[in-house]
Structure formats: structure tokens, C-alpha cells
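Asks: This is the structure I have questions about; it appears just below.
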Amino acid sequence: MHPDTSAIIVIDIQNDFCPGGALAVADGDSIVAPVNALLADFPVRVFTQDWHPAGHSSFASSHPGQDPFNVTEMPYGPQVLWPDHCIIGSDGAAFHAGLNTDAADLIIRKGFRPQIDSYSAFFENDHSTPTGLEGYLRTRGVTDLTLVGLATDFCVNFSAVDAARLDFSVTVRQDLCRAIDLDGSLTAARDGMRAAGVTLA
Ligand code: VGL
Ligand code: ZN
2 MHPDTSAIIV
12 IDIQNDFCPG
22 GALAVADGDS
32 IVAPVNALLA
42 DFPVRVFTQD
52 WHPAGHSSFA
62 SSHPGQDPFN
72 VTEMPYGPQV
82 LWPDHCIIGS
92 DGAAFHAGLN
102 TDAADLIIRK
112 GFRPQIDSYS
122 AFFENDHSTP
132 TGLEGYLRTR
142 GVTDLTLVGL
152 ATDFCVNFSA
162 VDAARLDFSV
172 TVRQDLCRAI
182 DLDGSLTAAR
192 DGMRAAGVTL
202 A
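Straight run, no breaks: the sequence shown in this note's numbering ends on number 202.
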């Protein structure tokens, strides 16, 4: 068991990010059993859930003439346009059926504001609108985070870098993450996490 100051953050292990899903991450479902096994080692357990209204501004389908995986400019900076995914209440937005969600102390949903995407568990993509997770972790006395989940180069990456900037001690278990890997995004994410002081295990 890790000390009382440790939390595991399980990022977006949802049907749409698993094989057969709308934004499938290769092999995404292979982490479910080992993540379940790891949960018992942590006194604090938080799960995140990508949770978008239909017509969300991060969907290519909301931008005439654009295709999935194009990059567009949003008021808050560049934004990859995604296939429609994780629509509130849909099967795709549900957690993988094998994931032990009963073990979650807190489930934090993100990406529900129509005009702004949210990769990070801490802040939306404007890097300033908070999700509330920082306050939850601090009031529970958490200082050390272990991150697992999907996808390594987007939601795990943004969560890890934000957490390190907030002065949490952060470890990403790469063996318990899987990547989308658009155009070298995995290498860039690894470099960015290392530069932010994240431990890649
Ligand atoms: C994610 C793209 C869009 C993720 C979420 O969980 O990494 N990626 N929404
Ligand atoms: Zn999303």
C-alpha cells in the first residue's frame, strides 16, 4: 500500500477509447485488468471521464469542411478536431465494462462545456478553467500522484504536466497507458512530461 498522501488517477478508460470505439486507441482495453489490480495499492482513487455534449466544439463534425484529426485555431489556441466521441450518456462515454469503477472515490467529468475542450484532469484547454480536482486532492492531503489510462499523448500527458506544475509529485506508468500517436505526438508528449518533471515509469 502506498502512503496516505498517494493517489492513483485513472484517465478516461471509456468504450470510445477502446477497440471498436469512436476514437479507439490501439490496445486500449489491455490495461483494464492490470489497472484494476493496482487500485488496491492506493488509499485515494480518482477516475476521469471524458464527457461531451452533442455538437461539441472539439468535434470535426461541428466545423464545416473539416475532417477528424485536422488542427484548427480556437480562442485558446490550436485544437485537434476529433471524431464525435464520449457523448454524454452514450455507450461510448461509459467506462469499459471490465473496469472496477466501484473502487473510485471520485469520478471527475471533463469536456462538458460546449465551447472548450478539456484533456487535463485539472484544467480545461484554456489552461485556466479548473475542474476542481486540485482542491479535492489537496483537501485529502494528497501530494503524490500515479497516472494511468488513455491516451498517453493527450489526456494523460496534459494531466501529468498540469499536476507537476501544481507541485504534485507525478509518476506516469507508461505500461498502463496507451497512445493515439498522431504525427509524433507520443514522442512530443514524453519530452514535455520529462521537461515538466514527471517521472516516466
Ligand atoms: C482524449 C482526445 C479527445 C483522451 C479525449 O482521453 O486522451 N483525447 N478527448
Ligand atoms: Zn474528448
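From the three backbone atoms N, C-alpha and C, an ideal C-beta is built for every residue, glycine too.
Can at least three beta-carbon pairs, one atom from the region 67-80 and one from the region 34-41, be found at a separation below 8 Å?
Replies: No, because fewer than three Cβ pairs between the region 67-80 and the region 34-41 fall closer than 8 Å, the two stretches do not touch.
Asks: Can you tell me where the alpha helix (DSSP H) holding P35 begins and where it ends?
Replies: First-last of the alpha helix (DSSP H) with P35: V33 to L40.
Asks: My guess is that L201 and A8 are in contact by the Cβ rule of under 8 Å, so how many angstroms apart are they, rounded?
Replies: So it is not a contact: roughly 18 Å between Cβ atoms.
Asks: In its own chain, which residues sit with a C-beta less than 7 Å from the C-beta of L24, not counting the 5 before and 5 after it?
Replies: Excluding residues within five positions, the ones whose Cβ falls inside 7 Å are D17, F18, W83, P84 and H86.
Asks: Going along the chain, which residues of its own chain have a beta-carbon closer than 8 Å to the beta-carbon of T6, five neighbours each way excluded?
Replies: So the qualifying residues of the chain are G142, V143, T144 and D145.
Asks: So, A55 versus I108, is the Cβ gap smaller than 8 Å?
Replies: Contact: no.
Asks: Whose C-alpha, out of D154, L167, D30 and H57, is nearest the C-alpha of E135?
Replies: Considering only alpha carbons, the answer is L167.
Asks: Smallest Cα separation from I14: which of R139, N37, D163 and S129?
Replies: Out of R139, N37, D163 and S129, N37 has the C-alpha closest to the C-alpha of I14.
Asks: Where does S160 land, buried or exposed, given buried means 16+ other C-beta within 10 angstroms?
Replies: Result: buried.
Asks: I believe R179 touches G29 by the beta-carbon criterion, under 8 Å. Please report the beta-carbon distance rounded to the nearest angstrom.
Replies: Indeed they touch by this definition, with Cβ atoms about 5 Å apart.
Asks: Nearer than 7 Å: is that true of the beta carbon of Y120 relative to any heavy atom of the ligand VGL?
Replies: Y120 Cβ: within cutoff of the ligand VGL.
Asks: By the DSSP assignment, the beta strand (DSSP E) with G78 in it spans what residues?
Replies: It spans G78 to V81 - the beta strand (DSSP E) in which G78 sits, taken as one unbroken run.
Asks: Thinking C-alpha only, which one of Q50, D51, E74 and T49 is nearest A61?
Replies: Of the listed residues, the one whose Cα sits closest to A61 is E74.
Asks: Using a threshold of 8 Å, state whether the C-beta atoms of R46 and D106 are closer than that.
Replies: Yes, the Cβ-Cβ distance between R46 and D106 is below 8 Å.
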